[in-house]
Amino acid sequence: MFLGSVSAFSPLKTDTLKPGQQLRDWEQLISSGGVFTLGFFTPTESSTFLLGSAGVRYIGIWYQYGPINPVWVGNPTESVSDSSGSLSIDTNGNLKITRANASPIMLNQHLSLAGNVSATLLDSGNFVIRNIGPGGVPGRVLWQSFDHPTSMLLPGMKIGFNLRTKKEVSVTSWTSNQVPASGAFRLGLDPSGANQLLVWRHEYLDYEFKFGSDKYMKYFSYSLKKTNGSVYSSWSLDTLGQITVTNVLRSNTSNRWISESSQPCTTDLKNSSAICITAKPTACRKGSEYFEPRRGYMTGSGYYGDSLSFGISDCHGSCWRNCSCIAFQSFSDGQCQYWGKGSKFFPYDSFAFEQKIYVLDSVK
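Here the UniProt record's numbering is used: position 192 in the sequence shown is 192, and no number is missing along the way.
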């Protein structure tokens with residue numbers, strides 16, 4: 001049994017998927033109040049999300065009105081390569097995506113249930129699997145997407161530590177604009193038991209955010225955790241409304257500056273999608289340089305990083321710290337490619353070069 005009819009896009013007049021039904025590539029569930037949509041989408045390098053286009057597919061949830069910006073992704077680590085995918089639920093409550101010439105993608109753990117079940121998209125953005133009682137009355141929730149957040153936190157979601165499953169529930173950034181697998185950053189509850197949120201950046205600094213109150217005021221504060229050496233940190237708000245976080249890591253032998261801005265670049269740049277970093281001027285970096293995305297190709301000897309990255313921020317950081325690096329490219333498989341001085345960039349504005357190269361602004 002199939003839901004809906006074949007058309008370019010088919011928002012279905014239902015919010016529920018039942019055993020024996022399929023949600024195909026061009027079909028969508030709509031929550032009862034018309035707030036959220038569930039369907040297949042294709043992410044692109046330019047931070048936009050498309051429906052029904054050529055490219056890999058993911059199943060996701062987004063607001064019904066406005067640009068497609070997924071608040072949840074069901075299969076972030078394994079995509080569907082074409083439009084053959086369809087979502088279904090079996091009588092045991094297992095959600096899966098079937099596809100041509102490949103094994104199914106399981107969206108939830110094997111529940112091993114027996115009985116009448118259904119999967120419903122709620123107006124909260126939560127996708128829930130429930131038992132259905134006599135007369136079609138929804139029963140208890142057996143599984144819900146709110147217990148498995150991806151990159152967004154919605155009202156009613158809970159992050160922390162699940163005492164039943166013994167697993168941490170956290171929000172994670174994407175690897176890149178095209179790959180929703182877990183990236184470099186993670187937001188979660190302090191595992192020490194303190195009532196505060198932590199933002200982790202793998203192998204870097206841990207930020208502790210604390211919201212509290214005393215008899216004098218309600219407040220927010222933050223601190224840093226670092227096991228080796230001393231850390232001095234500051235946040236500054238500039239005249240452009242950017243928050244710049246500057247951390248100085250001191251050791252017995254050297255000082256290391258790490259600066260990150262809340263926005264990509266200042267507004268006077270020609271390319272607003274360039275990647276900037278505010279850093280202490282050095283012999284090889286003036287502190288005002290930035291990497292801008294360009295379509296084209298590099299000539300010269302390119303080389304790959306020694307280890308996998310967690311997205312474009314890692315590739316950028318490695319290139320920035322290497323005085324001979326003038327350009328880099330981030331790939332969806334976690335690889336970073338770099339080019340050194342002597343390499344040349346040749347522009348070619350074609351969609352054949354959708355994977356952009358980030359080139360130092362001083363390179364012409």
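From the three backbone atoms N, C-alpha and C, an ideal C-beta is built for every residue, glycine too.
Predicted model, so just to flag it, every value in this text is computed and none were measured.
Item, Value
"Helix, strand or coil at I159 according to DSSP, with G and I counted as helix", "coil"
"Outcome for residue 374 when other beta-carbon atoms lying within 10 angstroms are tallied against a minimum of 16", "Only positions 1 to 364 of the chain appear in this structure, which leaves residue 374 out of reach."
"Residue of G115, D123, T42 and L163 minimising C-alpha distance to S83", "T42"
"Beta bridge counterpart(s) of M106 as assigned by DSSP", "K96"
"Selection from L163, Q337, R130 and H148 that minimises the alpha carbon distance to M298", "Q337"
"Sequence-distant residues of the same chain with beta carbon closer than 6 angstroms to G156, five excluded per side", "S124"
"Rounded separation between V137 and W62 - CA only", "27 angstroms"
"Ordered list of beta strand (DSSP E) runs contained in the region 290-328, each at least 3 residues", "290-294, 296-299 and 302-304"
"Rounded straight-line distance, which links the Cα of T120 to that of residue 372", "Outside the shown range of the chain, which is 1 to 364, sits residue 372, and nothing can be said about it."
"Selected residue, minimal CA-CA separation from V56, among L198, L17 and R99", "R99"
"Environment of L240 [buried if 16+ CB atoms lie within 10 Å]", "Low confidence applies to L240: its pLDDT is 42, below 50, so where it sits in the model is not reliable, and the reading given next is rough at best. L240 should be labelled exposed."
"Segment limits, beta strand (DSSP E) that includes S362", "Element bounds for S362: n/a, residue is neither H nor E."
"Entirely enclosed beta strand (DSSP E) segments - the region 6-85, minimum 3 residues", "27-30, 36-43 and 58-63"
"Reference K286; option with closest CA among W174, C315 and W320", "W320"
"Exposed unless 16 or more other CB atoms sit within 10 angstroms - verdict on G311", "buried"
"Residue from N75, G139 and S313 whose Cα sits closest to the Cα of P104", "N75"
"N195 burial status per 10 Å Cβ neighbour count (16 or more: buried)", "exposed"
"Distance CB(I89)-CB(V128) smaller than 8 angstroms", "no"
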